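Q: Just passing along the structure, written as structure tokens.
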Amino acid sequence: MLHQGLFIALSGKKGRGVFTNQQIAGDTVIEVAPVIVMKDTDRLHLDKTLLHDYIFEWGENRRKCAMALGYVPVYNHNSKSNCEYFMDFDEETIMVKTVRNIEAGEELTINYNGDWNNNQDVWFIEEDK
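Going by my numbering, the letters in the sequence shown line up with residues 25 to 153, in that order.
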């Protein structure tokens, strides 16, 4: 499931990002994407590639990893993001939901640390800090 107003466009120095062409109310599910779950041994290999930046730690013990399909890999990070994501280990999906009202033309972001307002450092330098 993908919200009808979403599209992918360039986002400055961040490369591509997810945007909306319409207003979206807070607490709206904008995407439910399937994931491909991989074993912990696969993760060791992926961590040595560019895909490291696009996979999610997966499972209760976070030893596995998952590659999300849909737009999920394209959402950029923001330490005060306007969306949050939820992993459903049983259904093997990731759901993205807005945390506030979103304006038309606005970029939709998630916090790579998990919680939408987590200000812990990430593994790369944030352009907008």
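Ideal Cβ positions, reconstructed from N, Cα and C, are used throughout, including at glycine.
The structure presented is a predicted model; accordingly, all values stated were derived computationally and were not measured.
Does the Cβ of N102 have 16 or more other Cβ atoms within 10 Å, making it buried, or fewer, making it exposed?
A: Answer is buried; the Cβ neighbour count reaches 16.
Q: According to DSSP, is R40 part of a helix, a strand, or is it coil?
A: Residue state, collapsed to three classes: strand.
Q: What are the boundary residues of the beta strand (DSSP E) that L132 is part of?
A: Run containing L132: E131 to I134, per the beta strand (DSSP E) assignment.
Q: Quick check on D114: does DSSP put it in helix, strand or coil?
A: If DSSP states are grouped into helix, strand and coil, D114 belongs with coil.
Q: Just to confirm, are G41 and E131 a CB contact at a threshold of 8 Å?
A: Their beta carbons are under 8 Å apart, which means G41 touches E131 by this criterion.
Q: Determine, using beta carbons only, whether K88 and K63 come nearer to each other than 8 Å.
A: Against a cut-off of 8 Å, the Cβ pair of K63 and K88 comes out as a contact.
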